[in-house]
Ligand SMILES: [Zn+2]
């Protein structure tokens with residue numbers, strides 16, 4: 001393996017590359033961890049563990065290849081191998097607390113109140129987001145995972161296959177079933193958005 | 001291989017009214033909205049939905065569903081302290 005990457009990196013080189021290539025993935029990685037664990041503390045631990053492993057095995061990471069996919073794969077393996085066992089039951093979380101960054105904005109107004117139309121639009125946006133989040137979080141973790149990877153993070157089927165260690169055909173069928181489930185959960189809401197059946 | 005996959009994963013709809021083409025189209029829906037369809041599949045798909053209202057509607061619905069996740073699911077905010085914890089942890093385990 002180490003023949004592929006050639007020479008051993010010095011600590012300085014390693015730290016610099018770690019910072020430049022791996023740390024920028026922190027945001028999507030944390031979001032992925034949160035969607036898997038549904039718990040902020042667990043997501044924190046999982047992300048830390050992932051970066052620790054990534055640092056330890058950095059020599060196996062080929063420069064210029066997909067750092068994001070590599071980290072997502074490590075995180076997903078950590079989640080399956082260790083984390084899932086010790087983590088609590090899928091916790092009920094108050095999503096409005098962690099996801100409410102639209103809301104935090106409109107508290108500040110010293111000028112008083114935002115215009116009524118703006119507030120109405122905002123709260124509709126929030127409602128949709130909340131609806132989607134709770135439907136998604138109610139899905140089995142395997143379904144949740146493919147939807148996050150595909151629709152939120154924009155990974156290709158091939159990348160998803162590598163992250164999840166499954167054939168592309170399985171990615172496709174899992175995604176198909178996941179979407180059907182999500183559709184079912186959103187049905188009531190979706191009707192109001194123009195779904196008929 | 002493709003045929004086997006199709007049969008296994010998407011069992012035939014009991015509805016006789018569905019044509020074989022519509023069947024194929026429904027198997028292509030995800031590929032289309034995810035940008036994974038080959039040029040040939042895209043041509044076949046686009047040609048079909050120009051003439052088949054039911055497949056056209058299914059396509060719209062599937063796009064809408066994806067759009068709900070892509071456009072409305074809020075991202076959670078990374079705790080400020082996390083990046084420092086990561087760096088600290090790495091240095092201490094060296
Ligand atoms: Zn049709």
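Protein chains in written order, with UniProt numbering: chain D, 1 to 197; chain C, 1 to 94.
We put the CB at the ideal spot given by N, CA and C, even for glycine.
### Message
Counting C-beta neighbours from all protein chains within 10 Å, is the total for residue 11(D) 16 or more, i.e. buried, or is it exposed?
### Response
Burial check for residue 11(D): the Cβ neighbour count within 10 Å stays below 16, so the residue is exposed.
### Within chain D, the residues that residue 84(C) reaches when beta carbons sit closer than 7 Å
In chain order: nothing, as chain D lies at least about 11 Å away.
### Task
For residue 28(D), collect the residues of the same chain with a Cβ closer than 7 Å to its Cβ; drop the 5 residues on either side in sequence, then sort them by chain order.
Around residue 28(D): 68 and 153.
### Query
By the criterion of Cβ-Cβ separation under 8 Å, what are the contact partners of residue 63(D) in chain C?
Within 8 Å Cβ-Cβ: nothing; residue 63(D) doesn't reach chain C, min ~19 Å.
### Task
Examine the Cβ distances between the segment 51-70 of chain D and the segment 7-26 of chain D and report whether three or more of them are shorter than 8 Å.
Contact between the segment 51-70 of chain D and the segment 7-26 of chain D is present: 3 or more CB-CB pairs across the two stretches fall below 8 Å.
### Query
When burial is assigned at 16 or more other CB atoms within 10 Å of the CB, is residue 37(D) buried or exposed?
Under this definition residue 37(D) is a buried residue.
#### Entry: C-alpha gap between residue 77(D) and residue 24(C), whole angstroms
Their backbone Cα atoms lie some 35 Å apart in a straight line.
### Task
May I ask you to list, following chain order, the residues of the segment 19-36 of chain D that have a beta carbon less than 8 Å from some beta carbon of chain C?
Listed in sequence order: 23, 26, 27, 30, 31 and 34.
### Task
Go ahead and label residue 145(D) buried or exposed: buried means 16 or more other beta carbons lie within 10 angstroms of its beta carbon, across all protein chains shown.
Answer is buried; the Cβ neighbour count reaches 16.
### Query
How about residue 163(D) and residue 149(D): do their beta carbons lie closer than 9 Å?
Yes, the pair counts as a contact, with Cβ atoms nearer than the cut-off.
### Query
Any heavy atom of ligand 1 within a distance shorter than 8 Å of the CB on residue 47(C)?
For ligand 1, not one heavy atom lies less than 8 Å from the Cβ of residue 47(C).
### Task
With a 10 Å radius around its C-beta and 16 neighbouring C-beta atoms as the bar for buried, classify residue 60(C) as buried or exposed.
Residue 60(C) comes out exposed.
### Query
Looking at chain C, which residues of the segment 165-178 of chain D have a Cβ within less than 7 Å of any of its Cβ atoms?
The residues in question are 169, 172, 173, 175 and 176.
### Task
For chain D, find out if any of its Cβ atoms is closer than 9 Å to the Cβ of residue 36(C); answer yes or no.
At a cut-off of 9 Å between beta carbons, residue 36(C) contacts chain D.
### Query
Relative to the alpha-carbon of residue 46(D), which residue among 82(C), 91(C) and 88(C) has its alpha-carbon at the smallest distance?
If we check each option's Cα against that of residue 46(D), 82(C) comes out closest.
### Message
Does the structure place the segment 167-174 of chain D close enough to the segment 48-56 of chain D that three or more beta carbon pairs sit under 8 Å?
### Response
Because the criterion of three Cβ pairs below 8 Å is not met, the segment 48-56 of chain D and the segment 167-174 of chain D do not touch.
### Task
State yes or no: is the C-beta of residue 118(C) nearer than 8 Å to some heavy atom of ligand 1?
What is shown of chain C runs 1 to 94, which leaves residue 118(C) out entirely.
### Message
Check whether chain D comes within 9 Å of residue 61(C), counting only Cβ atoms and requiring the distance to be less than that.
### Response
Any Cβ of chain D closer than 9 Å to the Cβ of residue 61(C) would place that residue at the interface, and such an atom is present.
### Task
Go through its chain and collect everything with a Cβ distance to residue 177(D)'s Cβ below 8 Å, but skip five positions before and after it.
The beta carbon of residue 177(D) is closer than 8 Å to those of 143 in its chain, skipping five residues each way along the sequence.
### Query
Would you report the Cα separation of residue 128(D) and residue 70(C), rounded to the nearest angstrom?
In this structure, the CA atom of residue 128(D) is about 12 Å from the CA atom of residue 70(C).
### Query
Straight-line CA distance for residue 138(D) to residue 186(D)?
When rounded, the distance between both Cα atoms is 11 Å.
### Query
Using the C-alpha atoms, what's the distance from residue 20(C) back to residue 140(D)?
Taking the straight line joining both Cα atoms gives about 32 Å.
### Query
Taking only beta-carbon atoms, is residue 42(D) less than 9 Å away from chain C?
No, its Cβ sits nowhere closer than 9 Å to a Cβ of chain C.
### Task
Rank 159(D), 184(D) and 158(D) by C-alpha distance to the C-alpha of residue 134(D) and give the top, closest one.
Shortest Cα-Cα distance from residue 134(D) to any of 159(D), 184(D) and 158(D) involves 184(D).
### Query
Going by beta carbon distance, what residues of the same chain come within less than 7 Å of residue 74(D), once the five residues before and after it are set aside?
Answer for residue 74(D): 50, 53 and 54, listed in chain order.
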